[in-house]
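Residue numbers (the working numbering), protein chains in the order written: chain A, 1 to 156; chain B, 157 to 301.
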């Protein structure tokens with residue numbers, strides 16, 4: 001009887017262990033951190049915005065990345081700022097000092113992540129990154145500048 | 157005699173706290189409470205009025221620069237505050253507000269869910285604190301780009 005009880009306890013404890021796959025799943029904050037690290041590094045290296053780099057599809061949802069490329073090609077930008085960085089200049093300090101804050105969930109498939117671009121010494125987030133989660137994959141669906149309203153040009 | 161004075165002092169203090177505390181709680185409204193209050197008010201007015209900009213109470217909730225921008229922009233197929241076209245779907249919806257992002261310069265980002273049976277929609281409200289009062293500074297949809 002005691003042996004049976006021990007086996008039962010062992011089984012329950014095994015079932016309660018986190019799934020190995022979910023343990024390795026990347027969290028939304030580190031995903032956004034990886035994106036900006038890559039984006040700022042590429043921008044500084046090539047002296048041009050890496051919006052046409054194929055690697056952007058690793059981080060950004062296809063429709064968003066394509067729309068940003070489309071607007072860049074037709075010379076349309078709400079405030080002439082870079083869509084992902086919301087600034088006109090890519091500074092070396094940004095790569096060293098940008099910070100990603102704690103995310104909040106809108107629903108099961110969408111999270112919002114605050115980002116501080118590092119123009120100031122302390123954490124001062126003014127970028128909101130929208131991250132979609134579908135079929136276990138994350139992608140950035142929108143980037144907004146919190147101090148100003150969304151004035152993007154209509155596509156149609 | 158001294159004990160009587162202390163008891164009177166304590167009772168007076170408690171009475172003052174009882175009167176002042178609810179007001180203090182009102183003053184310390186959170187961005188989420190403000191957004192919920194705004195949308196519960198807005199959803200009623202949305203179906204009562206043809207033009208929300210004629211509503212006198214709107215500037216109490218919405219930043220003047222946003223009102224000016226929306227008036228300048230003119231009519232649109234999308235109702236700005238719900239980011240949705242003409243529909244009865246929002247009538248009698250529950251307004252659900254949970255978390256908030258604290259941004260720099262007293263800006264707060266508040267996701268808002270509109271829920272009822274067989275319908276669910278969401279917008280993201282950007283709220284600014286100006287002179288100790290919250291105002292809606294911008295509203296975004298949750299769709300890509």
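From the three backbone atoms N, C-alpha and C, an ideal C-beta is built for every residue, glycine too.
### Query
Name the chain B residues that come within less than 7 Å of residue 125/A, Cβ to Cβ?
On the first chain, residue 125/A is found 125 positions in, with the first residue counted as 1. Residues of chain B passing the Cβ test: 259 and 260.
### Task
Could you name the residues of the same chain whose beta carbon sits closer than 7 Å to that of residue 68/A, not counting the 5 residues immediately before and after it, in chain order?
Working through the first chain from its first residue, we reach residue 68/A at position 68. If we look at residue 68/A and ignore the five residues flanking it on each side, its Cβ neighbours are 51 and 83.
### Query
Quick one: what does DSSP say residue 290/B is sitting in, helix, strand or coil?
Translated into positions along the second chain, residue 290/B becomes position 134. Of the three classes helix, strand and coil, the one that applies to residue 290/B here is strand, per DSSP.
### Message
Taking 7 Å as the cut-off, is the beta-carbon of residue 52/A closer than that to any non-hydrogen atom of the ligand ZN?
### Response
Questions concerning the ligand ZN fall outside what the structure shown contains, since it holds no ligand whatsoever.
### Message
With a threshold of 8 Å between beta-carbons, can residue 67/A be considered close to chain B, or not?
### Response
For the purposes of this step, residue 67/A is taken as the residue at position 67 of the first chain. It does; some Cβ of chain B falls within 8 Å.
### Query
If the cut is a Cβ gap below 7 Å, which residues of chain A does residue 278/B touch?
For the purposes of this step, residue 278/B is identified with residue 122 of the second chain, where counting begins at 1. Within 7 Å Cβ-Cβ: 106 and 107.
### Task
Check the Cβ of residue 128/A against every Cβ in chain B and list those closer than 9 Å, keeping chain order.
Within the first chain, numbered from 1, the residue matching residue 128/A stands at position 128. Chain B residues near residue 128/A: 257, 259, 265, 280, 282 and 296.
### Message
Quick check on this structure: which residue in 138/A, 147/A and 144/A has the alpha carbon closest to the alpha carbon of residue 58/A?
### Response
Taking the first residue of the first chain as position 1, residue 58/A is located at position 58. Taking only the C-alpha atoms, the option nearest residue 58/A is 138/A.
### Message
List, in chain order, every chain A residue whose beta-carbon is nearer than 7 Å to that of residue 195/B.
### Response
As a working note, residue 195/B is residue 39 in the second chain. The contacting residues do not exist; residue 195/B stays about 15 Å from chain A at best.
#### Entry: Complete beta strand (DSSP E) runs within the stretch 230-289 of chain B (minimum length 3 residues, chain order)
250-253, 263-272 and 275-286
### Query
If we cut at 8 Å on Cβ distances, does residue 235/B have a partner in chain A?
Here residue 235/B corresponds to residue number 79 of the second chain, with the count starting at 1. No - not a single Cβ of chain A is within 8 Å of the one on residue 235/B.
### Task
Tell me, to the nearest whole angstrom, how far the beta carbon of residue 286/B is from that of residue 264/B; I am working on the premise that it is less than 8 Å.
Residue numbering aside, residue 286/B sits at position 130 when the second chain is read from its first letter. Residue numbering aside, residue 264/B sits at position 108 when the second chain is read from its first letter. About 12 Å; that fails the 8 Å criterion.
### Query
Distance, Cα to Cα, residue 143/A vs residue 61/A?
Numbered from 1 along the first chain, position 143 holds the residue referred to as residue 143/A. Numbered from 1 along the first chain, position 61 holds the residue referred to as residue 61/A. Near 11 Å, if we compare the C-alpha coordinates of residue 61/A and residue 143/A.
### Task
Whole angstroms is fine: what's the gap from residue 198/B's alpha carbon to residue 34/A's?
Numbered from its first residue, the second chain carries residue 198/B at position 42. Numbered from its first residue, the first chain carries residue 34/A at position 34. Cα-Cα distance, rounded: 40 Å.
### Task
Output yes if chain A places a C-beta closer than 8 Å to the C-beta of residue 301/B; else output no.
Here residue 301/B is taken as the residue at index 145 of the second chain, counted from 1. By this cut-off, residue 301/B is an interface position.
#### Entry: Close-in-space but distant-in-sequence residues of the same chain around residue 102/A (CB under 6 Å, 5 per side omitted)
On the first chain, residue 102/A is found 102 positions in, with the first residue counted as 1. So the list is empty, once near-sequence residues are dropped.
### Message
Using CA atoms only, rank isn't needed, just tell me which of 295/B, 301/B and 294/B is closest to residue 141/A.
### Response
Taking the first chain and counting its residues from 1, one reaches residue 141/A at position 141. Nearest of 295/B, 301/B and 294/B to residue 141/A, Cα basis: 301/B.
### Query
Contact check, residue 113/B vs residue 196/B under 8 Å by CB: the rounded distance?
Chain B is shown from 157 up to 301; residue 113/B falls before or after that span and cannot be answered.
### Task
Within 10 angstroms of the Cβ of residue 64/A, are there 16 or more other Cβ atoms? Answer buried if so, exposed if not.
Residue numbering aside, residue 64/A sits at position 64 when the first chain is read from its first letter. Classification for residue 64/A: buried.
#### Entry: Helix, strand or coil at residue 141/A [DSSP, three-state]
What you label residue 141/A is simply residue 141 of the first chain in a count that begins at 1. Correct three-state label for residue 141/A: strand.
### Task
Spell out whether any CB of chain B is found under 8 Å from the CB atom of residue 50/A.
As a working mapping, residue 50/A is identified with position 50 in the first chain. So, not an interface residue.
### Query
What span of residues does the alpha helix (DSSP H) with residue 200/B cover, start to end?
Within the second chain, the letter at position 44 stands for residue 200/B. Residues 187-204.
### Where residue 104/A sits in the DSSP three-state scheme
Here residue 104/A is taken as the residue at index 104 of the first chain, counted from 1. Note: residue 104/A maps to strand in three-state DSSP.
### Chain-ordered chain B contacts of residue 112/A [CB-CB under 8 Å]
For this step, residue 112/A is matched to residue 112 along the first chain. Within 8 Å Cβ-Cβ: 257, 265, 267 and 280.
### Query
At a CB-CB cut-off below 9 Å, which residues of chain C make contact with residue 144/A?
Absent from the structure is chain C; the protein chains it does hold are A and B.
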